[in-house]
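To start, the structure itself, in structure tokens.
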Amino acid sequence: MTVYRASACAKIILCGEHAVVYGRPAIAVPVPDVRSHATFTPVPRGHLHVFLDDLGEAWTWQENSPHPLAVVIRHTFAALGTSPLAGELHLHSDIPIGGGLGSSASVATAVVRVLARALDVDLSPARVAAIVYEGERIWHGTPSGIDNTVIAYEQPIWFVKGTPPRPIRVGRSLTLVIGDSGIRAATREVVGDVRRRWQEERETYEAYFDHIAHLVRQARTALEIGDIPTLGRLLDENQYWLERIGVSAPELERLIRAAREAGAWGAKLAGAGRGGNMIALVPSARVDAVVQALRSAGAVHTYRTTIPGEETAQ
Ligand code: PMV
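Take 20 as the starting number for the sequence shown in my numbering and just add one per residue.
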């Protein structure tokens, strides 16, 4: 019996969240060490049984099911030009749900990849991202598409809604420490609140988004030339605007402060906010100190990840 396996990374938004919903650029990076896994064991006929192992949930796939993952599976079969496959599909993820690390997009990406692999079809990252977006729309309302894109490409990207993503050069490796506040906030609700405030105070919010767009452009240059201290300062600046927008939280701010005091170049919330994760850009020598400081300040999980820069390719 053949067993097919595929996985997909987590992601984190380096800068530009929320403003990206309003057409401004954002930068997102993969977190390759934290992943979702899909295992598919086909059988010649019958149904497709889906097991969400972490949630203890199991269902039989049906063409008309509204479950976001069922919709992703339907779009995958359509893209692969195949009639539905039968077998057992097991899904497992190391990514906490609702924490801004892209758990839904990551699981869905692993699903698309494992089904494509079973049929020996190579789907491009752009096609995988487009299929996964169909599930993201159901999960999150009107997502910008940044999660499914960075996860499908698994490289740092410059993202503007509605335009093809552009991979970003990273001049010098950078280490990020991610701290989970343990608070769960639904992206859909936070994005909805921002939209209501934008409708009420359009000029103010447009100005916030413009400030963020400006710093995201500077962050791109800093990333490309490997100016890590400047990038850190820009993350701090981004946090300032996210607080003004109203998507921060005292628990996140406590972690951000702790990371800065322990020697981070800069720190900010990452993703929708109100809870979820924060990121700190940290000199290698300070990683352990920052991890410790985050734990003492209440982080329920910490992750560290290094984004390789051009110097590692030489
Ligand atoms: O919480 P996350 O990582 O899923 O990110 C949400 C990012 C937003 O910019 C707030 C929304 C979006 O669709 O881009």
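Glycine included, C-beta positions come from ideal geometry on N, C-alpha and C.
- Once you ignore the five residues that flank Gly317 on each side, which residues in its own chain have a CB closer than 8 Å to its CB? Ser200, Gly201, Glu270, Arg273, Leu274
- Task: Can you give me the Cβ contacts of Thr168 inside the same chain, cut-off strictly under 7 Å, excluding the 5 residues immediately before and after it?
- Result: Ala148, Ile176, Phe178, Pro184
- Determine, using beta carbons only, whether Val90 and Tyr322 come nearer to each other than 9 Å. no
- Task: Using a threshold of 9 Å, state whether the C-beta atoms of Thr58 and His94 are closer than that.
- Result: no
- Query: Taking the Cβ atom as the reference point for each residue, do Leu33 and Leu261 lie within a distance shorter than 9 Å?
  - Reply: no
- Message: For Gly292, tell me which candidate among Ser55, Val151, Glu208 has the shortest Cα-Cα distance.
- Response: Glu208
- Message: Any heavy atom of ligand 1 inside 8 Å of the beta-carbon of Thr128?
- Response: no
- Between Gly181, Val319, Ala145, which lies nearest to Val131 when the distance is taken from Cα to Cα? Ala145
- Message: Mapping the DSSP letters down to three states, classify Asn296 as helix, strand or coil.
- Response: strand
- What's the C-alpha gap between Lys287 and Arg239? 16 Å
- Taking just the CA atoms, how far does Pro302 sit from Pro103? 49 Å
- At which residues does the beta strand (DSSP E) containing Arg54 begin and terminate? 45–62
- Message: What I want to know is whether the C-beta of Pro162 ends up closer than 8 Å to one or more non-hydrogen atoms of ligand 1.
- Response: yes
- Query: What is the residue span of the beta strand (DSSP E) that Ser200 lies within?
  - Reply: It is not in any beta strand (DSSP E) - Ser200 carries neither H nor E in the DSSP assignment.
- Query: Contact between the segment 30–49 and the segment 221–239: three or more CB pairs below 8 Å?
  - Reply: yes
- Query: Considering only C-alpha positions, which residue in the set Leu99, Val306, Pro51, Glu280 is nearest to Ile170?
  - Reply: Pro51
- Message: For Gly154, tell me which candidate among Gly119, Phe96, Arg305, Pro85 has the shortest Cα-Cα distance.
- Response: Pro85
- Message: Short of 8 Å in beta carbon distance, which residues of its chain neighbour Thr325, apart from the five on each side in sequence? Order them along the chain.
- Response: Ser192, Leu193, Thr194, Leu195
- Item | Any beta strand (DSSP E) of 3 or more consecutive residues that is wholly inside the segment 173–229 | 176–178, 193–199
- Message: Could you tell me which whole beta strand (DSSP E) segments of length 3 or greater appear in the segment 263–297?
- Response: 285–289
- Does the Cβ-Cβ distance between Tyr126 and Ile114 come in under 9 Å? Here the sequence assigns Val to residue 126, which means Tyr is not the residue at that position. Yes, they are a contact pair.
- Proximity below 9 Å, CB of Asn296 to CB of Gly118: yes
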